[in-house]
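Structure first, then comments.
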Amino acid sequence: MSTEETSRFVRLRVELVLEVQDEGGVTKAALRRLAGDTGLAEAERAHAESAVTEDTAEALAYLVDPFDLVSEVPGVELQQASWSSERIDYDPDSPEWDLDEDDGENDEEEDGIG
5 MSTEETSRFV
15 RLRVELVLEV
25 QDEGGVTKAA
35 LRRLAGDTGL
45 AEAERAHAES
55 AVTEDTAEAL
65 AYLVDPFDLV
75 SEVPGVELQQ
85 ASWSSERIDY
95 DPDSPEWDLD
105 EDDGENDEEE
115 DGIG
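Structure representation (structure tokens):
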């Protein structure tokens, strides 16, 4: 692909840290969504139900859909998405979690400079 063809593609990186205050509520919401997913094969449904019941992070990964984040943005079409979730140790006062800090990548490249 030429530069003109690839320049219309944008990689949007989003990192969220969520505090789960109601694990049962998250699990129930994921199970409700699974129950309404008519395109899911029974074996896949059983596996997904087990995963979201055993791990709240899995339930969140099932509930959060990147398509939902961009579906109403005019002029864009989601081409590819991947996401995951995991339990973490989080200290909001730690410099490790400062969102303004450089994450080790070259900011000039991300900004299109250089």
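Heads up: take any position in the sequence shown, counting from 1, add 4, and you land on this note's numbering.
By construction, the Cβ of each residue, glycine as well, lies at the ideal position given by its N, Cα and C atoms.
Around the beta-carbon of V56, 16 or more other beta-carbon atoms lie within 10 Å, marking it buried. In the structure shown, S54 falls within a helical segment according to DSSP collapsed to helix, strand and coil.
In the DSSP assignment, G29 falls within the alpha helix (DSSP H) that extends over E27 to G40.
D72: member of the alpha helix (DSSP H) spanning P70 to V74, first to last residue. The C-beta of L16 has fewer than 16 other C-beta atoms within 10 Å across all chains shown, which makes the residue exposed. For Y94, no alpha helix (DSSP H) run applies, since DSSP gives it neither H nor E.
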